[in-house]
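Its first residue numbered 3, the sequence shown is counted upward by one per residue in the working numbering.
For reference, the structure discussed in these notes is given below.
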Amino acid sequence: MENHIRGGGISIGRETMPNHLQMSRLAAMGCAWQGFLGGMDPADGTHSPNSQACCSAGARHRWRSRVWHAAHLHRTWTPFDLHTLGLDPPHHRASIDRSRHARQKNEARPPRHLRATSPLPIPQLVRRFLNGCRPYLRPPITPMRPIRAFIRIVLFLLLSLVTIARLLLAFSVMRLVGTEIETKRAYIHRRFVAFVRQVQGIMGVRIQWDGQFPQEPAVLMGNHRSYVDAILFPVGFPVVYVGRVESKSWPVIGWGASLLGTIWVDRKSKDSRRATRAAVKNRLQQGMGIVIFPEGTTFKGPELLEYRPGMFYTCAEEGFPIVPVALEYRDPNIAWVDKAWFIPHAFHHFGAKHIDVAVRIGEAVKMTDAEALRAHVRKWTETQVLELRAQFDA
3 MENHIRGGGI SIGRETMPNH LQMSRLAAMG CAWQGFLGGM DPADGTHSPN SQACCSAGAR
63 HRWRSRVWHA AHLHRTWTPF DLHTLGLDPP HHRASIDRSR HARQKNEARP PRHLRATSPL
123 PIPQLVRRFL NGCRPYLRPP ITPMRPIRAF IRIVLFLLLS LVTIARLLLA FSVMRLVGTE
183 IETKRAYIHR RFVAFVRQVQ GIMGVRIQWD GQFPQEPAVL MGNHRSYVDA ILFPVGFPVV
243 YVGRVESKSW PVIGWGASLL GTIWVDRKSK DSRRATRAAV KNRLQQGMGI VIFPEGTTFK
303 GPELLEYRPG MFYTCAEEGF PIVPVALEYR DPNIAWVDKA WFIPHAFHHF GAKHIDVAVR
363 IGEAVKMTDA EALRAHVRKW TETQVLELRA QFDA
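Shown next, in the form of structure tokens:
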């Protein structure tokens, strides 16, 4: 205690008082502490069974917080000094005579709200990522599932990088030679179809086909469940996808999609939507097909979201045919929804032995009434999706 006597007074918290007044205050606090927490009579050292019952838990907590506020946060007293002044709980008296290590191990901890917090909290990004992984760690996972997912993702990344490198090299050569645009598009289409087939094999995607894609360019409209939907359209003519502008910045995936000529749309911008409709019209007039998901986002279903009307007005005005496509997965949880993190979601589902999906292709539709065209395409797609869901659940 001599080390804490400074200038004729003892420092308690932020105040300094004369020694004789301070010692009286400490004695009173010691008696109150013993009575509140332990039920020990300070006069003879015996336990009083009624002493603890006559004070509330809130009062005991306030006394505990007050002492620890002075001792722990302001570093004025040590726990051993508190014992010397009679301010430690009685059940800790038996441990005072033990070794220093045991005494420190058995010291009373301060209340939770008074404990020091870590100066380096976990970054919000890491915390959100761990929270995103938590739902996929709950079900029992076989030992092969994470290994299979890791191998598949690595192979997918390698295949994507090799395909991107080949496209860049081919574009450079074509620019030097002066290749026609039709030849360039045909080469891109062949590489894309080969890439889709290889990815389907790597990821274990098994497709149940019902119907055939048209031989002439058209607008392919399907319901949107997951990122796997993009590899389910190996059509026989060059196609261009319409995707969200947020996906353009994705590593590898966004790079490859940009090389394929994807039309990026910012659905929050009216000017971007207008420019997208003009780009789609231009590609269709050039003899290319369009793949679009008119729901605008993924949805678990089995019902469908409302279809956005913009593309239907373009097709109705220009007379472009629309081919509806119904997509449904055996595992409905593969739907990428609720702002789930992409990496843990993909790692979980790519660990499955197979990904079963049913694809049903409808007949090409042409109408001059845009709203009637939208209602017809959506109704047909939703009806087929519900039938496919019933077949999987049977």
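Note that beta-carbon positions come from the ideal geometry of N, C-alpha and C, so glycine has one too.
Item                                                                                                                              : Value
Beta-carbon proximity of residue 227 to residue 151, cut-off 8 Å                                                                  : no
Inter-residue Cα distance where the pair is residue 148 and residue 277                                                           : 43 Å
Endpoints, the alpha helix (DSSP H) within which residue 164 is located                                                           : 146-179
Those residues which DSSP pairs with residue 243 across a bridge                                                                  : 293
Where the beta strand (DSSP E) containing residue 332 begins and where it ends                                                    : Unbroken run through residue 332: none, as it is neither H nor E.
Buried or exposed by the 16-neighbour rule on C-beta atoms within 10 Å, applied to residue 390                                    : buried
Complete beta strand (DSSP E) runs within the stretch 256-295 (minimum length 3 residues, chain order)                            : 265-267, 291-294
DSSP three-state assignment for residue 323, whether helix, strand or coil                                                        : coil
Cβ distance (whole Å) where residue 217 is taken to contact residue 360 below 8 Å                                                 : Contact doesn't hold; Cβ gap of about 22 Å is too wide.
Span of the alpha helix (DSSP H), counted from its first residue to its last, around residue 200                                  : 183-205
Identity of the residue in 185, 298, 153 nearest residue 267 by Cα                                                                : 298
Exposed unless 16 or more other CB atoms sit within 10 angstroms - verdict on residue 220                                         : buried
Same chain only: Cβ atoms within 8 Å of residue 256, ignoring 5 sequence neighbours per side                                      : 249, 250
The ligand GTP heavy atom lying under 7 Å from the CB of residue 196                                                              : Looking at this structure, you won't find the ligand GTP or any other ligand, since it has none at all.
Span separating the alpha-carbon of residue 326 from that of residue 191                                                          : 21 Å
Residue 391 (DSSP reduced to helix, strand or coil)                                                                               : helix
Beta carbon of residue 195 nearer than 8 Å to that of residue 304                                                                 : no
6 Å CB neighbourhood of residue 293 in its chain, flanking five on each side removed                                              : 222, 235, 241, 243
Whole-angstrom distance between residue 346 and residue 30, CA atom to CA atom                                                    : Residue confidence for residue 30 is low, a pLDDT of 49 falling below 50, so the modelled location carries little weight; the figure read from the coordinates is stated next. Each residue's Cα considered, the two are about 59 Å apart.
Touch test, the stretch 304-323 against the stretch 366-381, Cβ-Cβ under 8 Å, three pairs minimum                                 : yes
Member of 394, 159, 173 whose CA lies at the smallest distance from the CA of residue 331                                         : 394
Straight-line gap, residue 280 to residue 370 (C-alpha atoms, nearest Å)                                                          : 18 Å
Three-state secondary structure (DSSP) of residue 354                                                                             : coil
Top-ranked residue by Cα proximity to residue 317, from 283, 296, 383, 169                                                        : 283
Where residue 188 falls, given that 16 or more other Cβ within 10 Å makes a residue buried                                        : exposed
Supposed close pair residue 201, residue 239 - CB separation, criterion 8 Å                                                       : In fact, because the Cβ distance is near 20 Å, the residues do not count as touching under 8 Å.
Three-state class that DSSP yields for residue 386 in the structure shown                                                         : helix
Beta-carbon contacts of residue 351 that lie in its chain and below 6 Å, excluding the five residues immediately before and after : 336
Extent of the continuous beta strand (DSSP E) to which residue 234 belongs                                                        : Segment: none, residue 234 is in no beta strand (DSSP E) and carries neither H nor E.
C-alpha distance - residue 177 paired with residue 385, whole-angstrom precision                                                  : 47 Å
Reduced DSSP category for residue 313 - H, G, I as helix; E, B as strand; rest coil                                               : helix
Candidates 315, 319, 259, 289: closest to residue 275 by CA position                                                              : 315
Three-state secondary structure assigned by DSSP to residue 360                                                                   : strand
Residue 205 beta carbon less than 8 Å from that of residue 324                                                                    : no
Opening and closing residue of the beta strand (DSSP E) in which residue 367 lies                                                 : No beta strand (DSSP E) contains residue 367, which DSSP labels as neither H nor E.
Three-way DSSP call (helix, strand, coil) for residue 227 in this model                                                           : coil
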